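Enquirer: Read the sequence shown against our numbering and you will find it ends at 247, with the numbers running on by one and no gaps.
Positions of the beta carbon are idealized from the N, C-alpha and C atoms, including for glycine.
Quick caveat: nothing in here was measured; it's all calculated off a predicted structure.
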Amino acid sequence: MTGHMTRRYPIVRHRELWPSIPWSALRRRALVAKADEILVYRTGRDVYMDGTADASLAARATAVSVVDLSRDVTLISAWTLAARDSALDFPARVTYRCTVVDPIEVVRASSTDAVRNTRRFLTRDREPSGLHRAYAPGDERGLHEALTTLVTARLARRTVPGVRVLAEVHVGPADLHAMEA
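1) Does the structure place the segment 167 to 178 close enough to the segment 188 to 197 that three or more beta carbon pairs sit under 8 angstroms?
2) According to DSSP, what are the bridge partners of alanine 233?
3) Are the beta-carbon atoms belonging to threonine 215 and alanine 233 less than 9 angstroms from one another?
4) Can you give the beta carbon distance from proline 227 to threonine 178, rounded, assuming they're within the 8 angstroms contact cut?
5) Compute the distance between the beta-carbons of serine 136 and aspartate 168, then report whether it is under 9 angstroms.
6) Quick one: grab the DSSP three-state call for arginine 108.
7) Are the CB atoms of valine 237 and leucine 209 nearer to each other than 9 angstroms?
8) Look up histidine 210 in the DSSP assignment and say whether it is helix, strand or coil.
9) From the DSSP output, in three-state form, read off proline 157 for me.
10) For threonine 225, does the count of other Cβ atoms within 10 angstroms reach 16, so buried, or fall short, so exposed?
11) Counting C-beta neighbours from all protein chains within 10 Å, is the total for alanine 127 16 or more, i.e. buried, or is it exposed?
12) Please go through the same chain and pick out, in chain order, the residues whose beta-carbon is closer than 8 angstroms to the beta-carbon of glutamate 206, but skip the five residues on each side of it.
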């Protein structure tokens with residue numbers, strides 16, 4: 067399933083648990099994983115997925131997270147980059163495709179910004195300002211290569227624990243009214 071990152075990702079929901087208090091006292095329903103989701107439990111420092119441990123561990127869990135296992139969840143960043151010596155702008159877009167490959171690692175890293183807000187983490191740099199006015203109209207290929215190099219380097223420095231992130235760069239021809247990529 068391919069979807070857009072319109073909700074929390076990769077941890078969709080999280081709940082701290084108090085094993086000594088029965089669920090009925092809390093008046094909350096237990097978290098349930100939907101299709102393409104999995105429950106990941108934490109018991110102290112141990113983290114395990116639903117179905118990989120015996121039921122007694124789930125009963126002693128101190129927290130449970132619902133992790134999205136959908137393939138290729140997309141996040142799009144788009145900008146207009148000014149062309150050199152021209153009033154034209156290049157529309158540029160980076161499409162990130164994210165897939166959880168290790169739900170346990172995702173939950174272990176749940177306190178990091180990379181997991182807590184993956185959207186902000188991947189798009190932290192507002193736009194590649196160093197590429198403004200660097201390429202002449204007609205040199206979409208050069209701008210594409212430079213932007214691809216920049217995005218690849220950022221992904222090498224900014225990993226999202228437990229998530230495979232692929233990026234695809236698109237640069238359109240310079241246009242007077244390049245508002246969207």
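Expert: Checking against the coordinates, here is how it stands:
1) no
2) For the purposes of this step, residue 233 is taken as the residue at position 167 of the sequence shown. Partner(s): Tyr162.
3) For this step, residue 215 is matched to residue 149 along the sequence shown. For this step, residue 233 is matched to residue 167 along the sequence shown. Not a contact, by the Cβ cut-off of 9 angstroms.
4) The count along the sequence shown starts at 1 and reaches residue 227 at position 161. The count along the sequence shown starts at 1 and reaches residue 178 at position 112. Between threonine 178 and proline 227 the Cβ distance is about 7 angstroms, and since that is below 8 angstroms, they are a contact.
5) Taking the sequence shown and counting its residues from 1, the one referred to as residue 136 is at position 70. Taking the sequence shown and counting its residues from 1, the one referred to as residue 168 is at position 102. Taking 9 angstroms as the Cβ cut-off, serine 136 and aspartate 168 do not qualify as a contacting pair.
6) One-based indexing of the sequence shown puts residue 108 at position 42. It is a strand residue.
7) By one-based count along the sequence shown, residue 237 stands at place 171. By one-based count along the sequence shown, residue 209 stands at place 143. In contact: valine 237 and leucine 209 (Cβ atoms closer than 9 angstroms).
8) In the sequence shown, the residue the question calls residue 210 occupies position 144. Histidine 210 falls in the helix class under three-state DSSP.
9) As a position in the sequence shown, residue 157 is number 91, starting the count at 1. It is a strand residue.
10) Within the sequence shown, residue 225 is the residue found at index 159, counting from 1. So threonine 225 counts as exposed.
11) Numbered from its first residue, the sequence shown carries residue 127 at position 61. By the neighbour-count rule (16 or more Cβ atoms within 10 Å), alanine 127 is buried.
12) In the sequence shown, residue 206 corresponds to position 140, counting from 1. Phe156, Val237, Gly238, Pro239 and Ala240.
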